[in-house]
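Residue numbers (our numbering), protein chains in the order written: chain A, 1 to 459; chain B, 1001 to 1459; chain C, 2001 to 2459. Just so it is clear, CB atoms sit at the ideal spot from N, CA and C, and this is done for glycine as well. Model, not experiment: these values are computed from the prediction. Worksheet for the structure shown next.
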Amino acid sequence: MSIVFSASLRCQLPVLLLIFQGAFIAIFILFFSFEEPFSYLNTSNVTATAGEDDLDIFPLFKDVHIMLFAGLGLMLSFLRLYGFGGIAINFLIANFSIQWAMVVQGFFYHFKHWMIHLRLNNILEAEFAAVTALISAGAVLGRTSPVQLILLSALEIPLFVVNDWLVNKYFHILDIGGTVAIHIFSCYFGLGMSQILYQPSLQRGHKKETTTSNSDLLSLLGTIFLWIFWPSFNSVLAKNREAQHRAIVNTFLALSSGTMTTFAMSSLVDKRGRISLAHLQNASLAGGVAVGISADLISPGGALSIGCIASMACTLGFQYLSPFLAKKIKLQDQCGIHNLHGVPGIIGTIGSIVVILLEPIDTYGSSLHPILGVLGNTETWTSKGQALQQAAALGVTIGVSLFGGYITGLLMRLPCFFHPFREDFFDDQLYFQVPEDIENKWISNEKLQEHLLVPLKQI
Amino acid sequence: MSIVFSASLRCQLPVLLLIFQGAFIAIFILFFSFEEPFSYLNTSNVTATAGEDDLDIFPLFKDVHIMLFAGLGLMLSFLRLYGFGGIAINFLIANFSIQWAMVVQGFFYHFKHWMIHLRLNNILEAEFAAVTALISAGAVLGRTSPVQLILLSALEIPLFVVNDWLVNKYFHILDIGGTVAIHIFSCYFGLGMSQILYQPSLQRGHKKETTTSNSDLLSLLGTIFLWIFWPSFNSVLAKNREAQHRAIVNTFLALSSGTMTTFAMSSLVDKRGRISLAHLQNASLAGGVAVGISADLISPGGALSIGCIASMACTLGFQYLSPFLAKKIKLQDQCGIHNLHGVPGIIGTIGSIVVILLEPIDTYGSSLHPILGVLGNTETWTSKGQALQQAAALGVTIGVSLFGGYITGLLMRLPCFFHPFREDFFDDQLYFQVPEDIENKWISNEKLQEHLLVPLKQI
Amino acid sequence: MSIVFSASLRCQLPVLLLIFQGAFIAIFILFFSFEEPFSYLNTSNVTATAGEDDLDIFPLFKDVHIMLFAGLGLMLSFLRLYGFGGIAINFLIANFSIQWAMVVQGFFYHFKHWMIHLRLNNILEAEFAAVTALISAGAVLGRTSPVQLILLSALEIPLFVVNDWLVNKYFHILDIGGTVAIHIFSCYFGLGMSQILYQPSLQRGHKKETTTSNSDLLSLLGTIFLWIFWPSFNSVLAKNREAQHRAIVNTFLALSSGTMTTFAMSSLVDKRGRISLAHLQNASLAGGVAVGISADLISPGGALSIGCIASMACTLGFQYLSPFLAKKIKLQDQCGIHNLHGVPGIIGTIGSIVVILLEPIDTYGSSLHPILGVLGNTETWTSKGQALQQAAALGVTIGVSLFGGYITGLLMRLPCFFHPFREDFFDDQLYFQVPEDIENKWISNEKLQEHLLVPLKQI
């Protein structure tokens, strides 16, 4: 690590953060306010409802918090030397992204009479946008600096808002859990960016890209936190209580069958039948990604099936597809977001199309039909039309996100933004004052070997 | 570890899991559905209530999730070399058990017109059943394979459902927190099984059955998660809001006094006054087990007393009873479930009998009597009768569970099910692809000693 | 560690705990009961409301639990050799303090007709009192015994109750999040005590007062748990739903801008631009402390500003103020509570005075004014009067707490209470049966150096 570069990090990161934070404060002071008292105090009926609606989402809001900050943070801390890089940089990017998304979404959706009325809902909305930046960053975990990730978030959030609007308001997609708008979008955005940031040297592997038993365990704990609260994530945007109830139950079922399947597949693909921690940390969540798009529409058996298929595909993706893509199209994907968000997302979308085409409308009459109940009664609605719209939304999202990812990757490569040297990839020491602990992870195997009498592997 | 055996693990675990998961999917597709729309949409009053009832338990449902997957998983990760075995195998068995319990309970309780109507409640119900399998597995932690534990769960869940029905519907036990139906049942089932799986070599201790400071700290964190959400566990089945309120407060009080007592007793039994982590990890929860059966019935002072007594007994159990039973009746109990679930469960049941006999009915008149308020007004109810039924339910449960445990243990010993060699007990390497970390736990003290100039103990 | 002293620990800790627990049980049996059934069953309207009110706080109650037991416990486990000392002793003192506070507050506030009616609310109230003891203990973390900390809590809780009453009922402070009554009080109480317990030898640093990468990561995880649930803490005492809504949103905003600012400032003050874990673990929470006093009153932009300023001050405090005070006034503050609770608390209080003076009453008329909406319409209320009362409450609290801290420190120094030798500071081995793990933290760098061929620092 050269002194020049660390000096530039010291300049860039604080300056960038303070400028952005200053700008956010200015924008909030100028344009954001709580609702004017008279708008909700004069008419007591409205008050009660409005107040209740917003506070009612508070528990789900906290669940999403646990997922973003504790769950995802821990899950990303799986690398031996990059634990702080996982949890702390996630903490930073999440906070930047949420504030930035509140600004962008505020002006895009809620700007009236030169004011933006802020309620708890806006933060939740912003957190869904922030998720996309955090997922995309997973593709380049440990080989990009926080400065580059701030840039990533600054560009991805506005594009997400536009694509989210397209998918929901233009294509009227049925997608309660954001499988297309969040998972597919962030995955292909991240992969596009990652391809531009291709590092030839990583093809032979990187000596620091390993885990420890402790980092793997904490990462699995992060996965389990995500797993526990995924039903909240997939159900928070439900249109009514019955849809929410179905979304919760179906998400749980998909996660549960996915987890069992992950254990089975992971054991099956290892020649000694052992389970891979990387598989567990990721594929046990694939069911939640895949079922998101149809969680309020399908039957319990369908949810179990989708979870099973998604986790199977995810495990096989880690085992076979990722190495294949790395070799063939030079796609480097540190966290395997393609296996966890891309493949299960596509499977889920295809599943939703099948469900929409097969769901027997005539059984109950249109007003009791689960899909139409969610949509509201539209006379012109047809299964086939909806199926086409689901497919179109998927295609458009992949196109938009790949394009955005490529542009973002090009900008992130600009030499003016601090980026780490290859030997400092996956290493906290560049960004954090790490403790000098004897049992720590910063003693390389090579260094230690010099002090041992027998080869380390024999120990 | 011989190649033959690992080959058999590779065959057995995935095949077993995929067959079971396939069967669950088939059964769910054939027999499980959400409630028909017309049953809740036609009558708007019913809708509201039904929907609310189910979503109202969602927060408690999440609490139980945290307990099962994060709390119990971490708590079981206390062994030096068996961290993944604690948290990940718990994750697997929990998921298998919940799906399996949904099937068994579905057919046992909810099967009408060839359909089972699924609601969130069913999953919660299934999670209570799953808990029993997870507790019982604690008795043989680290010396049974996941294949054997799947068998354990497959057999224990149906027996739990039958015993639970007996205890609640036949004996009309007052037991809001499942002290008898869950804790006593799972404890004696596990102990019965453990006795059959007796390993003479373990009597001298096992070199891998140790902890590290980090594994002990994570295990204590798991305990604390269980501790935090135990009031939810004990109050989720309350009949009305007042009973639920009392159950929450009393469970908290019992846990709190139990924790203080654990510190005191643990310090007292050590000759240098130091506190044992094993005591903390377990005995601080004993109050929650013991108070479960009477959490909605007793006074705050009673709750404090029960917690204090239960944790005292639990600490003394770890210190004196477990070594005694290990020597005398060859009872090996890796997690000490007898001290945490058995002894406090019996104490709690005796406590509930005392409370039922002493509760002064005449004070308020029968309609305001806490117990009768919970039961509904039954003319024929007598304190003495209820006390006998509590005792009978305890006795029957111990008998049924011990019997079931013996049978299960015999089946688990069949050579066709994969079981680990003694030298691979308490070792993740048999089941997981563990990272080769230098600071890791897989360097044995013995091996390391060879490379050091002074005895390790002197360092 | 001499045998004499450990013997005295063995005597003192269990005896003290058992005596207190016995006394609590006796007091609870004599004076505490749930509300008499007739008081809530006879009038059905009252029932519903009362019952709902209490169970409605249950989710917030659990959030505070997670903060106290998991969040704060983990956060305090940052020391290399004192992980159990962080999480387990916090667990003990929290439990003691809650029970003790229930007794003190019960007699102070709720004692009627020789009875104290217990509801969930009382426990929550007691937990707020307990927080003060836990924060104060942070100033002397690792250099006081549990016996001394029990004494600390025994003395601090009653003084907190009195000061809390003064601040709220006498000065009518507007302080929804307890910035003055909790944070300022506990900080200056702890600092006063710490000054009396001044250890000259610590001025040169202590070889055991270091962290490991793992302990730092777990501590950061604790911070993140506190961060996630801080909005619950600051909003639980809100007078109405709109105030609660504002408090939640504003607390989140202050935490978020504070976190971004912490990253910026921490990088800025390091000559290589690296971020300090100690800064992250603390300063990212400073916004929550500072915004507490005005969380229900200010605008979103104001919340962002306060969070930014508070975290900036907190980071600079750790970097410059703490070393300065340690040298000049011999103030030893192990956890930096002055930077996290004192300085941000004062900033927040000044901020609240500014807000109260500037808030334009005339805009909406007094009945719609946020502050008056919270207070209820008081004819005699003036901005200036309230501002003076805020300032007076701050001054009185600092005085009372410093005085209480000095007295408590003097009593804690009495030789009859067990206190550790200096060489045993920050070391679990004195209080816990620590595992003998090879990778453990109990191998000192010095010892290890003897077995290595090159200087450890060069590795």
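Any C-beta of chain F under 8 Å from that of residue i
i       : result
S145(A) : No chain F is present in this structure, whose protein chains are A, B and C.
Per-residue burial, residue i [other beta carbons within 10 Å of its own, 16 or more giving buried]
i        : result
F421(A)  : exposed
Y2320(C) : exposed
H2338(C) : buried
H2341(C) : buried
M2075(C) : buried
P1231(B) : buried
D1467(B) : Outside the shown range of chain B, which is 1001 to 1459, sits residue 1467(B), and nothing can be said about it.
H1245(B) : buried
A26(A)   : exposed
K62(A)   : buried
Q1281(B) : buried
R1204(B) : exposed
W1114(B) : exposed
V162(A)  : exposed
Boundaries of the alpha helix (DSSP H) in which residue i is found, first to last residue
i        : result
H1065(B) : F1058 to H1065
N1339(B) : Per DSSP, N1339(B) belongs to no alpha helix (DSSP H) and is neither H nor E.
E156(A)  : P146 to W165
Y1406(B) : S1383 to M1412
S201(A)  : From DSSP, S201(A) is part of no alpha helix (DSSP H); its letter is neither H nor E.
K1327(B) : S1322 to K1328
L68(A)   : Counting along the chain, L68(A) falls outside any alpha helix (DSSP H), and DSSP gives it neither H nor E.
A2023(C) : I2003 to F2031
G73(A)   : L72 to M75
Chain-ordered chain A contacts of residue i [CB-CB under 7 Å]
i        : result
V1434(B) : S213
T2210(C) : P435
Amino acids of chain B, ordered along the chain, whose beta-carbon sits closer than 9 Å to that of residue i
i        : result
I2157(C) : Correct list: empty, because the minimum Cβ distance to chain B is about 15 Å.
F2084(C) : S1213, D1216, L1217, L1220, I1275, L1277 and L1280
Beta-carbon neighbours of residue i, restricted to chain A and to distances below 8 Å
i        : result
S2305(C) : I25 and I29
P2300(C) : F28, F32, S33, F34 and L118
I2196(C) : Within chain A, no residue comes near I2196(C); the closest Cβ sits about 30 Å away, beyond 8 Å.
Best match in the options for proximity to residue i [C-alpha to C-alpha]
i        : options                                   : result
N1090(B) : F185(A), L297(A), L221(A) and F24(A)      : L221(A)
I116(A)  : F128(A), V103(A) and A126(A)              : V103(A)
P1059(B) : I1150(B), L1124(B) and Q1099(B)           : L1124(B)
A126(A)  : F2252(C), E2359(C), A2278(C) and H2419(C) : F2252(C)
M1067(B) : F1096(B), H1113(B), D1056(B) and F1128(B) : F1128(B)
G1404(B) : A1070(B), F1096(B), R1119(B) and L1151(B) : L1151(B)
L394(A)  : V355(A), K384(A), G345(A) and L411(A)     : G345(A)
F2142(C) : R2413(C), K2208(C) and L2166(C)           : Position check: residue 2142(C) holds Gly in this sequence, whereas Phe was assumed. Checked all of R2413(C), K2208(C) and L2166(C); the closest Cα to G2142(C) is K2208(C).
R1010(B) : H110(A), S235(A), D216(A) and S267(A)     : S267(A)
A23(A)   : W100(A), I293(A), L388(A) and Y170(A)     : W100(A)
L2316(C) : G2292(C), F2160(C) and I2275(C)           : I2275(C)
K2465(C) : Y2198(C), T2259(C) and Q2021(C)           : Residue 2465(C) falls outside the range modelled here, since chain C spans only 2001 to 2459, and no answer is possible.
Listed by chain order, chain C residues near residue i by CB distance under 8 Å
i      : result
D54(A) : H2245
Neighbouring residues, chain B, relative to residue i (Cβ below 7 Å)
i       : result
A295(A) : The contacting residues do not exist; A295(A) stays about 12 Å from chain B at best.
Cross-chain neighbours of residue i in chain C, by beta carbon under 9 Å
i        : result
P1059(B) : F2058, P2059 and K2062
Subject >> Segments assigned alpha helix (DSSP H), at least 4 residues, entirely inside the stretch 102-143 of chain A >> reply: 120-138
Subject >> Runs of alpha helix (DSSP H) wholly within the stretch 212-258 of chain A (minimum 4 residues, chain order) >> reply: 213-235
Subject >> Runs of alpha helix (DSSP H) wholly within the stretch 250-316 of chain A (minimum 4 residues, chain order) >> reply: 277-283, 286-291 and 300-316
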